[in-house]
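Protein chains in written order, with my numbering: chain A, 26 to 140; chain B, 26 to 140; chain C, 26 to 140; chain D, 26 to 140.
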């Protein structure tokens, strides 16, 4: 699979098939999925919690910790897609609209190089 | 924008342009982004924390709380994509490989209808 | 140990001794500890994520899951106390002042039975 | 209020009175409170997310950001105490028992100065 040719809809179908095969949509209400998402994000943080910012960069270049981080990131995407599936959310549109708000909130000339 | 025609690479470019225009990649190390991701996931949970599972479904059908949740979900996607951009992660492949592990860990016949 | 006779200062000393014996205060800056706190809170959630509210009550009365939850809650207290130790925070005063703000924000007569 | 003379039981009563006056214990099941705890921990992280470790120390010495952090830490304590109240957990004992496990898992001589 390749990010250039894989569409959001492909990933949605991919996740939905997995959930349907296990009849797990009954557990996928918004409250539970928001918890699952946060837990996975916490597991991603767990890789970095005691490290300096420089050590974290190193961890992302070492095979074992990089692999762990990629797996945790995948879990976050999977639950985020499952949330969109269950609630009929157009992901591309959601991102597009939020980025428009961000562009207004953080004009490039005013926020260049700081936050 | 449409999930059927939008590729992961499109979204990656979309987020990367926003980050580059603001020279924000300096803040986007793995530690900081994993925190940002968890904070946004926490904000998604915040919509549902005191509600029953049924009330949460209702909230996802009411315009104002649905809009809020979609914005928070978008933020999660944006930071997850930014994490992938910064660390040169193939998102489709990451999801594919994690789902393969999940299929082995949770065989459909054994986990049908329960977890 | 007993909640009636144990003071906050007792717990602060208890945690500080553990940290000092390992020379771990070097890792206990505010950023790292806020991450550790959130990760532990995520682990507490992990016990409840797929359960209904009623099932969660049951889990808190079953020995094994109750024991797990108590351990996660202890971790949250330990990191919160470590955060206070490192940053010279008077915990009782902090709680007292936040509760005063809460009493003003949520007057009992107006918020009785709802949120 | 003073950490030397305030007992855990004092804080438990303090939080319980607030919850009872508002009849909020109905919302305080284990699932909801674990979410509330994580959300507050996320808000504490939010103060530090884009800062270096050194900048975070500075933030803890500046009045306004220090005050914010203390308020978020208080919220974490309040929800952790509410969780203990609702589920009849002896906090001092929970911390004591978890620290005993930690002492076995991380012997001081083996973990001195690293993790």
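Here a beta-carbon is modelled for each residue, glycine too, at the ideal position from N, C-alpha and C. These figures come from a predicted structure and were not determined experimentally.
For chain C, find out if any of its Cβ atoms is closer than 8 Å to the Cβ of residue i; answer yes or no.
i                      : result
residue 56 of chain D  : yes
residue 49 of chain B  : no
residue 52 of chain A  : yes
residue 89 of chain D  : no
residue 107 of chain D : no
residue 71 of chain A  : yes
Any beta-carbon of chain D closer than 8 Å to the one on residue i?
i                      : result
residue 60 of chain A  : yes
residue 63 of chain A  : yes
residue 121 of chain C : yes
residue 32 of chain A  : no
residue 29 of chain C  : yes
residue 130 of chain C : no
Residue i by DSSP, collapsed to three states: which one?
i                      : result
residue 77 of chain A  : coil
residue 6 of chain C   : Limits of chain C in this structure are 26 at one end and 140 at the other, which puts residue 6 of chain C out of reach.
residue 86 of chain B  : coil
residue 27 of chain A  : coil
residue 59 of chain D  : helix
residue 140 of chain C : coil
residue 104 of chain C : helix
residue 114 of chain A : coil
residue 48 of chain D  : coil
residue 127 of chain B : helix
Who pairs with residue i in a beta bridge, going by DSSP?
i                     : result
residue 32 of chain D : C:32
So, is the C-beta of residue i closer than 8 Å to a C-beta in chain A?
i                      : result
residue 114 of chain B : yes
residue 74 of chain C  : yes
residue 85 of chain C  : no
residue 78 of chain D  : yes
residue 92 of chain C  : no
residue 41 of chain B  : no
According to the neighbour-count rule (16 or more other Cβ atoms, all chains shown, within 10 Å of its Cβ), is residue i buried or exposed?
i                      : result
residue 140 of chain A : exposed
residue 134 of chain D : exposed
residue 79 of chain C  : exposed
residue 50 of chain B  : exposed
residue 89 of chain D  : exposed
residue 28 of chain C  : buried
residue 100 of chain D : buried
residue 59 of chain C  : buried
residue 56 of chain C  : buried
residue 98 of chain D  : buried
residue 74 of chain C  : buried
Which residues in chain G sit within 7 Å of residue i, going by Cβ to Cβ distance?
i                      : result
residue 138 of chain C : No chain G is part of this structure, whose protein chains are labelled A, B, C and D.
Strictly under 8 Å for the Cβ-Cβ distance: is residue i near chain B by that measure?
i                      : result
residue 125 of chain C : no
(message) Below 8 Å, how does it come out for the segment 97 to 110 of chain C and the segment 32 to 51 of chain C: are there three or more Cβ pairs, yes or no?
(response) When C-beta atoms of the segment 97 to 110 of chain C are compared with those of the segment 32 to 51 of chain C, three or more pairs fall below 8 Å, so the two segments count as touching.
(request) Give a yes or no on contact between the segment 51 to 70 of chain D and the segment 70 to 86 of chain B, applying the rule of three or more CB pairs nearer than 8 Å. (result) Contact between the segment 51 to 70 of chain D and the segment 70 to 86 of chain B is present, because at least three Cβ pairs lie under 8 Å.
(message) Tell me whether the segment 87 to 102 of chain C and the segment 113 to 121 of chain C touch, counting them as touching only if at least three CB pairs, one residue from each stretch, are closer than 8 Å.
(response) At 8 Å Cβ cutoff, the stretches do not touch.
(message) Does the contact criterion of 3 or more C-beta pairs under 8 Å hold for the segment 124 to 133 of chain B versus the segment 42 to 57 of chain B?
(response) No: fewer than three Cβ pairs fall under 8 Å.
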